[in-house]
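The listed protein sequences derive, respectively, from chains H and G. Just so you know, the working numbering puts 13 at position 13 of the first sequence, and the rest follows in order with no gaps. Just remember that the working numbering sits 388 ahead of the position in the second sequence, which is counted from 1. Here is the structure we will look at, set down as structure tokens.
There are 2 protein chains.
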Amino acid sequence: MTDDPPNPALLPAGLSDVLPPEAEREAMLVEILAETFARHGYERVKPPLLEFEDSLLAGSGAAVAEQTFRLMDPVSHRMMGLRADTTPQVARIAATRLARIPRPLRLSYAGQVLRVQGTQLAPARQLPQAGIELIGAESAAADAEVAAVAAEALGAVGILGASLDITLPRLAPALLDAAGVEGEDRRRLARALDRKDAAAVAEHAGRAGGAALLLPALLAAAGPAEGALAVLAEQDLPPAARAIADHAAAVVAAVRAAAPGLRITLDPVEFRGFRYHTGVAFTIYGPGRVGELARGGRYLSGEEPATGMTLYPDAVLRAVPAPATRLRIFLGEGTDAARAAALRAEGHATLARLVPTDTAQSLRCTHELDGAGRLVPVVESERWPMSR
Amino acid sequence: MTDDPPNPALLPAGLSDVLPPEAEREAMLVEILAETFARHGYERVKPPLLEFEDSLLAGSGAAVAEQTFRLMDPVSHRMMGLRADTTPQVARIAATRLARIPRPLRLSYAGQVLRVQGTQLAPARQLPQAGIELIGAESAAADAEVAAVAAEALGAVGILGASLDITLPRLAPALLDAAGVEGEDRRRLARALDRKDAAAVAEHAGRAGGAALLLPALLAAAGPAEGALAVLAEQDLPPAARAIADHAAAVVAAVRAAAPGLRITLDPVEFRGFRYHTGVAFTIYGPGRVGELARGGRYLSGEEPATGMTLYPDAVLRAVPAPATRLRIFLGEGTDAARAAALRAEGHATLARLVPTDTAQSLRCTHELDGAGRLVPVVESERWPMSR
């Protein structure tokens, strides 16, 4: 919608108004994501925005403790937090109110999260999230299901050409454990892997020896999943690492079966940004340079094995081509009410004249009805400027 | 969904988890309300949950100042509030970012509000709201439009037999002004009106004299709108009160035209609970004893005349008959993927077997596919208990 430039003093940094038509598009998109989740048996829960901080920051919630707004509950005099992530709340619900429902439990959610501070790259302090959690299943089929359902949901809102990036954040640690690399040596290798500095990885791995010697080849293996899996298959991995690689191969095969058109990449020794993951980790990127649309992977939900995906509707909204907006149809004096209701039933918007000065132009209508009740476009040049 | 009894220590008082299937039903219902709003030209905005308290508590926001959680913004070191009502935020957006859009401006919203304390009758501290604001139009047609659109939205989610209660919170003050009733006399009359204590109203009005003498008849006139309007028409009202009564008659006529089946009542001297209303005020009740489903009326949006309605999706959810839930269809080994996709496209949920122990019963499925791909109900007695 046409608007004045935002006044920076008006809203706190990182908090913003979503205006027409983006606010409606975001809401519709979230409901399409939720509908896809529901059709795969994921049942929706809606935890409160605020809860006691000890339950909010338990488990995977510890990863966002520093990003959680806290406030005192005047009723109980205990500290509460405004959720910075929804997964810990779903884990609480699964472990308490839904403890007796047989596993696996498929749950979904959609709502807002708030963060104390934004970053330069991601300044927003309020973010929409829509996600699924599959709790109590350890199989590769479970990991594949959440990734494929997330990809299908993105397809349902019009994202074509997404790519699923799989990482194995426990693989490099398993190799370093097997090689007995600890202390400063381990930190140096981790930093080199984190920076993808092949020369430094080769140097530190050479010094560490043993299973660490596999790291340079695995670093170089990052790319299309089948190629990376072939490199993993060739290596003489220690047992813990072999189990991780075999699980990854099974996940890739199951995702391929469920989502044949999806681009899948695998970066075996990447671990950045996955702080509480216990198995495969996923990132879904949109086509081109639109950035991350979803993240997820395997974790512990309380004591239970779990896997899930969180989609970012704000990022998805930016990546989706703008749909045809609804017609805005001006209803002059004496419009047939049944005709107007029929137009609304087709999904159009009808705008009634409330005062004599209302015109199709002043109400930013795209169409009006002529004397015979036919839809006539309002001449573009006479229309008030619409949204970008 | 079957669950353990809620543990009161788990969540702060007045904050709760919405579980399956209610969470999905609430979300679907909100989107139907929003769709009805959109089809009448109301464009959605999404203000942030948190903003600076000076903008949040301005105008009509002052009415919820005591109910607003406050917290310090670590970025600006200014106080922020968690919204307790959405209308003040929409007023801010209209007055700033949308200042140059021609009036009237039709805006809608849907989201959560939070309150510092619940009451005995309404213990919830997090409430969903979905509403519309019509800003910059003073006509009775504008008031009638928001009431009729709200009633239509409730009809769209299945509420039949709602009733629209109209009150005129400025009418009694206008009569007291005309009669020159002030100070303790005025407070006594207001209290008597508030309690609907006819004897006390008659006694105090008799003492005050003048236009106050009309109060007993107006108190008794509360009831079906046409009867109450007839009583108002008969009285010799002072000019300010006459203008209010004429506006009310025009609103009732316009709502009748737009929503012929709606039950409309009018209570001319009721003013309770409408703290910032400057004209007609509305409450929509569901059929039977389900309570308030929506409130609204005329107010000032910044400096602009405005009228609006807020619907309460949690109350609406309790009033709507439970719809048929989706089928949950178990997909055993070797189910045809195209058949499963076709079932999902019809809106059903399909649940994949992820581990060999998964059964139609353990996944709480209502149906499974037989060898020929036909839907077969799972025998009720073998199913895991479903939700209420």
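For each residue, glycine too, the CB sits at the ideal point set by N, CA and C.
Residues of the stretch 446–480 of chain G in Cβ contact with chain H at a cutoff of 9 Å, in chain order, please.
Against chain H - using a Cβ distance shorter than 9 Å - the residues of the stretch 446–480 of chain G are PHE457, ARG458, LEU459, ASP461, PRO462, VAL463, SER464, ARG466, MET468, LEU470, GLN477 and ARG480.
Straight-line Cα distance separating ASP236 (chain H) from ILE135 (chain H)
Each residue's Cα considered, the two are about 33 Å apart.
Within the stretch 42–93 of chain H, note down every full beta strand (DSSP E) run reaching 3 residues or more, in order along the chain.
Whole beta strand (DSSP E) segments, 3+ residues: 50–52, 70–72 and 79–82.
Along the alpha helix (DSSP H) that carries ARG390 (chain H), what are the first and last residues, could you check?
Because chain H in this structure spans residues 1 to 388, residue 390 (chain H) falls outside the shown range and cannot be described.
For a test of the three-state rule: what should DSSP assign to GLU382 (chain H), helix, strand or coil?
Per-residue confidence for GLU382 (chain H) stands at a pLDDT of 48, beneath the threshold of 50, marking its modelled position as unreliable; the derived number appears in the next sentence. Three-state result, GLU382 (chain H): helix.
Please confirm whether ALA220 (chain H) has its beta-carbon closer than 8 Å to some beta-carbon of chain G.
Using a Cβ-Cβ cut-off of 8 Å, ALA220 (chain H) does not count as an interface residue toward chain G, since no Cβ of chain G sits closer than that to its own.
Between which two residues does the alpha helix (DSSP H) carrying GLY337 (chain G) extend?
Outside the shown range of chain G (389 to 776) lies residue 337 (chain G), about which nothing can therefore be said.
What are the uninterrupted segments assigned as beta strand (DSSP E) that are 3 or more residues long and contained completely in the stretch 278–360 of chain H, given in chain order?
Correct list: 281–285, 292–301, 304–311, 328–331 and 349–352.
Can you say whether ALA415 (chain G) is buried or exposed, counting buried as having 16 or more other CB atoms within 10 angstroms of its CB?
Buried.
So what's PRO20 (chain H) in DSSP terms, helix, strand or just coil?
The answer is coil: DSSP assigns PRO20 (chain H) none of H, G, I, E or B.
ALA172 (chain H) - DSSP class collapsed to helix/strand/coil:
Three-state result, ALA172 (chain H): helix.
Below 8 Å on C-beta distance, what does ALA34 (chain H) contact in chain G?
Per Cβ cutoff of 8 Å: GLU412 and ALA415.
Going along the stretch 360–376 of chain H in order, which residues come within less than 9 Å of chain G, judged by CB to CB distance?
Contact residues of the stretch 360–376 of chain H toward chain G are GLN361, SER362, LEU363, ARG364 and CYS365 (C-beta to C-beta distance below 9 Å).
Could you check which residue in H:ALA360, H:GLY296 and H:GLY261 has the C-alpha nearest to that of GLY131 (chain H)?
Cα-wise, what sits closest to GLY131 (chain H) is H:GLY296.
ASP553 (chain G) (DSSP reduced to helix, strand or coil):
Here ASP553 (chain G) sits in strand by DSSP.
Endpoints, the alpha helix (DSSP H) within which HIS367 (chain H) is located
Under the DSSP assignment, HIS367 (chain H) falls outside any alpha helix (DSSP H), being part of the beta strand (DSSP E) whose first and last residues are 367–369.
State the Cα-Cα distance for the pair ARG326 (chain H) and VAL320 (chain H), rounded to the nearest angstrom.
If you take the alpha carbons of ARG326 (chain H) and VAL320 (chain H), they lie about 17 Å apart.
Going by CA-CA distance only, name the one from G:ASP461, G:HIS755, G:ALA567 and G:SER404 that's closest to PRO12 (chain H).
When G:ASP461, G:HIS755, G:ALA567 and G:SER404 are compared, the shortest CA-CA separation from PRO12 (chain H) is found for G:ASP461.
Please list the terminal residues of the continuous beta strand (DSSP E) segment that includes ARG263 (chain H).
Boundaries of the beta strand (DSSP E) around ARG263 (chain H): 263–267.
For GLU591 (chain G), report the span of its alpha helix (DSSP H) as first-last.
First-last of the alpha helix (DSSP H) with GLU591 (chain G): 586–596.
Burial state of LEU403 (chain G) (16 or more Cβ within 10 Å)
With 16 or more other Cβ atoms within 10 Å, it is buried.
If you drop the 5 nearest sequence neighbours on each side, which residues of the same chain put their C-beta closer than 7 Å to that of LEU564 (chain G)?
Closer than 7 Å at the Cβ level, and outside the excluded window around LEU564 (chain G), lie ARG574, LEU577 and ALA600.
So, with DSSP's three-state summary, where would you put ARG115 (chain H)?
The answer is coil: DSSP assigns ARG115 (chain H) none of H, G, I, E or B.
Excluding sequence positions up to five away, which residues of its chain have a Cβ less than 7 Å from the Cβ of ALA472 (chain G)?
The residues are VAL452, GLN455, THR456, VAL501, LEU502 and ARG503.
Distance, Cα to Cα, ALA230 (chain H) vs GLY499 (chain G)?
About 49 Å.
Any Cβ of chain G within less than 8 Å of the Cβ of GLU333 (chain H)?
No Cβ of chain G is located within less than 8 Å of the beta carbon of GLU333 (chain H).
Measuring CB atoms only, is the stretch 482–497 of chain G touching the stretch 664–676 of chain G, in the sense that at least three cross pairs come out at less than 8 Å?
Because the criterion of three Cβ pairs below 8 Å is not met, the stretch 482–497 of chain G and the stretch 664–676 of chain G do not touch.
Buried versus exposed call for ALA703 (chain G) [16 or more other C-beta atoms within 10 Å across all chains shown]:
It counts as buried.
Distance cutoff 8 Å, beta carbons only. Does GLY155 (chain H) sit that close to anything in chain G?
Taking Cβ atoms only, chain G never reaches closer than 8 Å to GLY155 (chain H), which makes this a no.
Could you check if VAL379 (chain H) is buried or exposed, using at least 16 other CB atoms within 10 Å of its CB as the buried criterion?
The residue is exposed, with fewer than 16 neighbouring Cβ atoms inside 10 Å.
is_contact[GLU53 (chain H), chain G] using C-beta, thresh 8 Å:
The beta-carbon of GLU53 (chain H) is placed no less than 8 Å from the nearest beta-carbon of chain G.
Taking C-beta pairs closer than 8 Å, name the residues in chain G that VAL45 (chain H) reaches, listed in chain order.
Result: ASP405, VAL406, LEU407, PRO408 and ALA411.
Chain-ordered residues of the stretch 526–552 of chain G with a beta carbon less than 7 Å from chain H
Hits within the stretch, in order: SER527, ALA529, ALA530 and GLU533.
Measuring straight from C-alpha to C-alpha, what distance separates ALA646 (chain G) and ALA352 (chain H)?
Roughly 11 Å separates the two Cα atoms.
Based on DSSP bridge pairs, tell me the residues matched to ALA518 (chain G).
Beta-bridge pairing by DSSP links ALA518 (chain G) to G:ALA498 and G:LEU699.
How would you call GLU382 (chain H), buried or exposed, if buried means at least 16 neighbouring beta carbons within 10 angstroms?
Note that GLU382 (chain H) has pLDDT 48, beneath the 50 cutoff, so the model's placement of it is unreliable and the number below is only indicative. So GLU382 (chain H) counts as exposed.
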